[in-house]
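Using the working numbering, you'd call the opening residue of the sequence shown number 34 and step up by one each time.
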Amino acid sequence: MSDCGLEGSAPGLFGPLRLDLPEGCVTCLLGASGVGKSTLLRLLAGLPTGVVFEGQVQRLPAALMAQEDGLLPWLSVAQNVTLGARLRGERAADPAALLAAVGLAGFEARLPGTLSGGQRQRVALARTLAEDRPLVLLDEPFSALDARLRLEIGALALRLLAGRRVLIVTHDPAEAARLGDQILILTRAGLMPHPAPKGAVPRAHDAGEVLEAQAALMERLLA
Ligand SMILES: Nc1ncnc2c1ncn2[C@@H]1O[C@H](COP(=O)(O)OP(=O)(O)OP(=O)(O)O)[C@@H](O)[C@H]1O
Ligand SMILES: [Mg+2]
Numbered sequence: 034m035s036d037c038g039l040e041g042s043a044p045g046l047f048g049p050l051r052l053d054l055p056e057g058c059v060t061c062l063l064g065a066s067g068v069g070k071s072t073l074l075r076l077l078a079g080l081p082t083g084v085v086f087e088g089q090v091q092r093l094p095a096a097l098m099a100q101e102d103g104l105l106p107w108l109s110v111a112q113n114v115t116l117g118a119r120l121r122g123e124r125a126a127d128p129a130a131l132l133a134a135v136g137l138a139g140f141e142a143r144l145p146g147t148l149s150g151g152q153r154q155r156v157a158l159a160r161t162l163a164e165d166r167p168l169v170l171l172d173e174p175f176s177a178l179d180a181r182l183r184l185e186i187g188a189l190a191l192r193l194l195a196g197r198r199v200l201i202v203t204h205d206p207a208e209a210a211r212l213g214d215q216i217l218i219l220t221r222a223g224l225m226p227h228p229a230p231k232g233a234v235p236r237a238h239d240a241g242e243v244l245e246a247q248a249a250l251m252e253r254l255l256a
C-alpha cells in the first residue's frame with residue numbers, strides 16, 4: 034500500500050477497502066450518513082473509533098478538523114486557534130492573520146459562545162490551518178457556511194494547504210466537484226471512485242465539467 038492511507042474492513046460497517054492519499058492530492062469523500070466517513074478520518078488520525086478495524090493504517094502526522102468544532106468555551110477565539118502549538122510549546126501561527134483570512138478579522142477576543150454556527154466553524158478551520166502537518170483531515174468543514182463563503186473559504190483552504198495530503202468529507206456533490214483531485218464514495222461495500230473533472234483545484238463552480246460532475250455524483254448518491 035502507499036505511504037499514507039489505509040487498507041482493511043470494519044465488519045458490520047464497511048469494507049474491504051483501500052484508501053490512498055497521495056502527496057499534494059485533495060481527496061473528497063462522500064457517502065451516506067452513518068456509513069463510516071468520520072470513522073475513517075479518526076483511523077487515519079490515530080484516534081479511537083468505537084468500531085473494530087481489521088487492516089493496516091499508514092499514518093502521517095495529521096491535523097484533524099472534527100465534525101463537531103471542539104472549541105473550548107473558556108478560551109478566546111485567538112487562544113482556540115493557537116491552542117495546539119501552545120500545548121506543544123511551539124511558536125504559534127499568527128491568529129489574527131488566519132482569522133482575517135477566514136473572514137473573522139477583529140474576532141480575536143470573542144468567546145466561542147458568542148459566535149454563530151458558521152463563525153464557529155471558521156474558527157475551527159483556522160485552528161486546523163494553523164497546524165503545520167503533512168496530512169490534513171477535514172470533516173464537513175464548510176457545512177455551516179452560506180453559499181458565497183463555501184466557495185471563498187473552500188478555495189482559500191486549498192490555497193493554504195497546497196502541496197499537502199488533504200482529505201475532505203462532504204455531503205455536497207458541488208463541493209466535491211470543485212475541490213477534489215480524487216473523488217471517492219464510501220458505501221457498505223467499500224470505496225467507489227468517481228471521475229473528477231479535469232483541471233487544477235479549486236475549480237470554478239460554474240465550469241461545464243464541474244456542473245456535469247456534480248450532477249453525475251448526485252445521481253450516484255441517490256441511486
Ligand atoms: N464511538 C462510537 N461507538 C460506537 N459506534 C459508533 C461510534 N462512533 C460512531 N459509531 C457508529 O459508527 C457508524 C459510522 O459512524 P461515522 O460517524 O463514521 O459515520 P459518518 O459516515 O461520518 O456519518 P455522518 O455523515 O452522519 O457524519 C455509525 O453507525 C455510528 O453509529
Ligand atoms: Mg461524520
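For glycine and all other residues, C-beta sits at the position ideal for the given N, C-alpha and C.
Residue i burial status per 10 Å Cβ neighbour count (16 or more: buried)
i      : result
LEU212 : buried
GLU208 : buried
LEU255 : exposed
PRO174 : buried
ALA163 : buried
ARG183 : buried
ALA233 : exposed
C-beta atoms of residue i and residue j nearer than 7 Å
i      : j      : result
VAL90  : LEU39  : yes
ARG143 : ASN113 : no
LEU46  : ARG198 : no
LEU170 : LEU77  : yes
ARG155 : ASP102 : no
LEU191 : GLY151 : no
CYS15  : ILE216 : Residue 15 lies beyond the stretch modelled for the chain, which goes from 34 to 256, so this question has no answer here.
SER295 : ASP205 : Residue 295 cannot be examined here, being either before or after the span of the chain that is shown, 34 to 256.
VAL243 : ARG253 : no
THR115 : ALA125 : yes
GLN247 : ALA210 : yes
Contact belief for residue i with residue j at Cβ below 8 Å, rounded distance in angstroms
i      : j      : result
LEU74  : LEU200 : 7 Å
ARG166 : ALA96  : 4 Å
ALA195 : ASP214 : Not confirmed; about 12 Å, so no contact.
LEU50  : LEU158 : Their Cβ separation, rounded to whole angstroms, is 27 Å, which puts LEU50 and LEU158 out of contact at 8 Å.
Residues that DSSP places opposite residue i in a beta bridge
i      : result
MET225 : ILE218
MET98  : LEU171
ASP127 : Answer is none; ASP127 lacks a bridge partner.
LEU200 : THR60, LEU170
GLU40  : ARG51, GLN89
Heavy atom of ligand 4 within 6 Å of residue i beta-carbon
i      : result
ARG181 : Absent from the structure shown: ligand 4. Ligands present: ligand 1 and ligand 2.
Can you list the residues near ligand 2, meaning Cβ strictly closer than 6 Å to any non-hydrogen atom, in the order they appear in the chain? LYS70, SER71, GLN100, ASP172
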